[in-house]
Amino acid sequence: MLHNKNVFATFQHYNIKLFTPDFKSSLTDLIIELDYLRKKRLRGTTLPVIFFQMKNIFLVLESIGSSRIEGNNTTVAEYIETIIEGKQSKDEKSIEIHNLEKAMSFINKNIESIKINRGFVSELHKQVVENITSPPKGEGSKNPGKYRTKNLIIAKSKHIPPDFTQVNNYMVEFFDFINKNDTSKYDLLKIAIAHHRFTWIHPFDNGNGRTVRLLTYAMLVKYGFNINIGGIQIVNPSAIFCINREKYYSALSWADNGKKRGILKWCEYVISGLKKEIEKIDRLLDYEYLAKKILLPAISYSLERKIITNIESKILQIAIEKQIFKSSDIKSLMPSKAHTERSRILRSLKDKKMIAPIKNKTRIYSLRFYNNYLLRGIIGALTKEGFVSIND
0 MLHNKNVFAT FQHYNIKLFT PDFKSSLTDL IIELDYLRKK RLRGTTLPVI
50 FFQMKNIFLV LESIGSSRIE GNNTTVAEYI ETIIEGKQSK DEKSIEIHNL
100 EKAMSFINKN IESIKINRGF VSELHKQVVE NITSPPKGEG SKNPGKYRTK
150 NLIIAKSKHI PPDFTQVNNY MVEFFDFINK NDTSKYDLLK IAIAHHRFTW
200 IHPFDNGNGR TVRLLTYAML VKYGFNINIG GIQIVNPSAI FCINREKYYS
250 ALSWADNGKK RGILKWCEYV ISGLKKEIEK IDRLLDYEYL AKKILLPAIS
300 YSLERKIITN IESKILQIAI EKQIFKSSDI KSLMPSKAHT ERSRILRSLK
350 DKKMIAPIKN KTRIYSLRFY NNYLLRGIIG ALTKEGFVSI ND
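Residues 0 to 391, numbered by numbering that gives the first Met the number 0, are exactly what the sequence shown covers, in order.
#1: Entirely within the stretch 6-52 and at least 4 residues each: give me those alpha helix (DSSP H) ranges in chain order.
#2: Give the secondary structure of residue 152 by DSSP, where H, G and I count as helix, E and B as strand, and everything else as coil.
#3: Determine the closest residue to residue 63 out of 46, 82, 50, 21, with distance taken between C-alpha atoms.
#4: On the DSSP bridge list, what partners appear for residue 369?
#5: Just verifying my parser: in three-state terms, what is the DSSP assignment at residue 364?
#6: Per DSSP, what are the beta-bridge partners of residue 355 in this structure?
#7: Report yes if the C-beta distance between residue 367 and residue 380 is below 7 Å; otherwise report no.
#8: Suppose you measure from the CA of residue 334 to the CA of residue 340; what does that come to, to the nearest Å?
#9: Along the chain, where does the beta strand (DSSP E) containing residue 224 start, and where does it finish?
#10: Mapping DSSP to helix, strand and coil, what is residue 338?
#11: Residues in its own chain within less than 6 Å of residue 46 by CB, not counting five upstream and five downstream?
#12: So which of 111, 337, 56, 30 has the shortest CA-CA distance to residue 220?
#13: Taking only three categories from DSSP, how would you classify residue 158?
#14: Run the CB neighbour count on residue 12, radius 10 Å, all protein chains shown included, and call it buried at 16 or more, exposed below.
#15: When you compare the stretch 193-212 with the stretch 114-126, are there three or more beta-carbon pairs, one atom per stretch, that lie closer than 8 Å?
#16: Distance, Cα to Cα, residue 97 vs residue 57?
#17: Would you tell me roughly how many angstroms separate the C-alpha atoms of residue 104 and residue 16, rounded to the nearest one?
#18: Taking buried to mean at least 16 other C-beta atoms within 10 Å of its own C-beta, is residue 35 buried or exposed?
#19: State the beta-bridge partners of residue 324 as determined by DSSP.
#20: Are the stretch 175-184 and the stretch 139-155 touching by the rule of at least three beta carbon pairs closer than 8 Å?
#21: Looking at the structure shown, is residue 175 part of a helix, part of a strand, or coil, going by DSSP?
#22: Determine contact between the stretch 185-198 and the stretch 134-152, defined as no fewer than three beta-carbon pairs at a distance below 8 Å.
#23: Tell me whether residue 135 is buried or exposed, calling it buried when 16 or more other Cβ atoms sit within 10 Å of its Cβ.
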């Protein structure tokens, strides 16, 4: 982003490098703990068909959170309505969030097979700014995927990014740092340091913040710091930063001079935030918790607002209890009703996208809540339980 000049801002060169924290430090403890979680395959009682929908919700929250850091004032509620309605908004604020969703999907599909290099980062930037007006009127870019050709400064920062003529050299060093074959104990430090260094360089004319948060996500997945349940990945790095936007900017400044103390302090900020996000995800793997604290409250929310009928509410409760159910499971709810009547009610719930047949098993169903009115209640429950940290 371009901003009015800060007369106190300066540029201070230093080469990117790894620092080793003291063995007795809290940062070392965090690294050891997260490295254990990386090697341990987290398992739970939540079936993939349910967990996948939670993953999609977190992808949306990640995208909204990343854009909000850059000043996008679209609320969670506003964007959720576009998902429920199934329509692509022409509003550039919504397009910005949608672009981030697409970019994260691109990462999920490709990160394990491709190298993190200039081509990869350029593609992320192109996706971030696609169909968005360039500054000063919008948050797009005049040269998508290409390094900036002008100097710029960063809002609320005492650091001036390097001269545009030096961007390529700094980025070559940056990719060498990322792809150097260091031992795995340094992976988390490299992820945190790379995030700061990218913002320090500010290689593009705009969209640097959104791009670096996607890059951080990509590195987490690449290095194995992702939760993988049956091939489903869910990690929410922007939640680390969007909880407190001012603290994020302040924390970035700790490392601007390249000194060991400031860089390790920044690394601890990032890694401790990641630990909290993994702990949240671990809770969602416990289906008893997920059902009681998230899914059932969402059904109550929808019933109170007459989005669903009383009998539909009871059927959805059975869907939650069993995770996978069939028509005979709801017979006790309507003992005097014929099979055709049960089928009609199930068909109504299918039309509302609140249940769907399990693949290749047309008469076995599971709960659906991602792209229908139940989503409002899910977001409300997630907010109450501390999973949603974006202040509207």
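C-beta atoms are modelled at their ideal positions from N, C-alpha and C, and glycine is treated no differently. Every value quoted in this text rests on a predicted model; they were computed, and no experiment measured them.
According to the structure shown:
#1: For the stretch 6-52, the full-length alpha helix (DSSP H) segments reaching 4 residues or more read 25-38 along the chain.
#2: Residue state, collapsed to three classes: coil.
#3: Proximity to residue 63 across 46, 82, 50, 21 peaks at 82, based on C-alpha coordinates.
#4: Answer is none; residue 369 lacks a bridge partner.
#5: Note: residue 364 maps to strand in three-state DSSP.
#6: DSSP output for residue 355 lists 365 as bridge partner(s).
#7: Taking the C-beta atoms as reference points, residue 380 is found no nearer than 7 Å to residue 367.
#8: Here the alpha carbons of residue 340 and residue 334 stand approximately 11 Å from one another.
#9: Looking at the DSSP string, residue 224 is not in any beta strand (DSSP E), and its letter there is neither H nor E.
#10: DSSP places residue 338 in helix when its eight states are reduced to three.
#11: Closer than 6 Å at Cβ, skipping near neighbours: 322.
#12: With respect to the C-alpha of residue 220, the residue from 111, 337, 56, 30 having the closest C-alpha is 111.
#13: In this structure, residue 158 counts as strand in the three-state DSSP scheme.
#14: By the Cβ neighbour-count rule, residue 12 is exposed, with fewer than 16 other Cβ atoms within 10 Å of its own.
#15: Yes: at least three Cβ pairs fall under 8 Å.
#16: Spanning the two alpha carbons is a distance of roughly 13 Å.
#17: If I take the Cα positions, the gap works out to 31 Å.
#18: Exposed is the call here.
#19: According to DSSP, which records beta bridges pairwise, residue 324 is partnered with 364.
#20: No, they do not touch.
#21: If DSSP states are grouped into helix, strand and coil, residue 175 belongs with the helices.
#22: The answer is no - the stretch 134-152 does not touch the stretch 185-198, with fewer than three Cβ pairs under 8 Å.
#23: Exposed, since its Cβ has fewer than 16 Cβ neighbours within 10 Å.
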